[in-house]
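For what it's worth, our numbering labels the leading residue of the sequence shown as 37, then goes sequentially.
For every residue, glycine included, the Cβ atom is placed at its ideal position computed from N, Cα and C.
All figures in this text were calculated on a predicted structure; none of them were measured in a lab.
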Amino acid sequence: MFAAGTDTTFITLDWAMTELLMNPQAMEKAQKEVRSILGERRVVAESDLHQLEYMRAVIKEIFRLHPQVPVLVPRESMEDVVIEGYRIPAKTRFFVNAWAIGRDPESWEDPNAFKPERFLGSDIDYRGQDFELIPFGAGRRGCPAITFATAVVELALAQLLYIFVWELPPGITAKDLDLTEVFGISMHRREHLHVVAKPYFP
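Here it is as structure tokens:
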């Protein structure tokens, strides 16, 4: 469980930094929000997180576009059932493709674009009640550490956004970043992210 938790947390943060570096306006907006809340206090507290509305929208957008686990824990039907005209016999095993759900054009406008703003003022949540966004699964098979994992990601990203000015290395542009995904139990980027981190002093 500890290995799964650190791997998926790293994957989420890696995708978040990649998308923010590719979308400098979103990076600027997220950093401005974090820095305005913290002021000269250099350490993010858990009590700050509820105020970071835009940063939390960024995280939701990462969960949508780049779910840590693309295919959720398998389910098995307990009885014969008909869904949308399809007969599913009892004992049928099926998989939920969270990656495809997050890019479904019937649920999301411009589904392949990184747009954290889509979650501002939205009630859509990732805790298993809104089935268009289920990076942690839902119901009995949902991730048991969802609250802890979310807090860790929010605290880490907020701290990274506050304490550093982030840039791509000289000669590298956003178009040069390889976004190829490696599919497996978890889904990370094929290439490592190389960045320049400069200390930020308020």
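The beta carbon of M223 sits closer than 8 Å to those of I47, H102, P103, Q104, V105, P106, W135, E217, all from its chain and outside the five residues before and after it, given in chain order.
Here DSSP, grouped into helix, strand and coil, assigns P152 to helix. Note: W202 is bridge-paired with A233 in the DSSP secondary-structure output.
Around the beta-carbon of E190, 16 or more other beta-carbon atoms lie within 10 Å, marking it buried. As computed with DSSP, I124 is found in a beta bridge with V117. Here the C-alpha atom of I199 lies approximately 29 Å from the C-alpha atom of F172. Using a C-beta cut-off of 8 Å, the segment 144-162 makes contact with the segment 93-101, since at least three inter-stretch Cβ pairs fall below that distance. Proximity of the segment 208-217 to the segment 225-236 meets the contact definition, three or more beta-carbon pairs being nearer than 8 Å.
In the DSSP assignment, no residue is bridged to E82. In the three-state DSSP reduction, F172 falls in the coil class, being neither helix nor strand. By the CB criterion at 9 Å, L197 and R78 fall outside the cutoff. Between R154 and R129, the gap from beta carbon to beta carbon reaches 9 Å or more. When the beta-carbon positions are compared, E69 and E82 stay at least 9 Å from each other.
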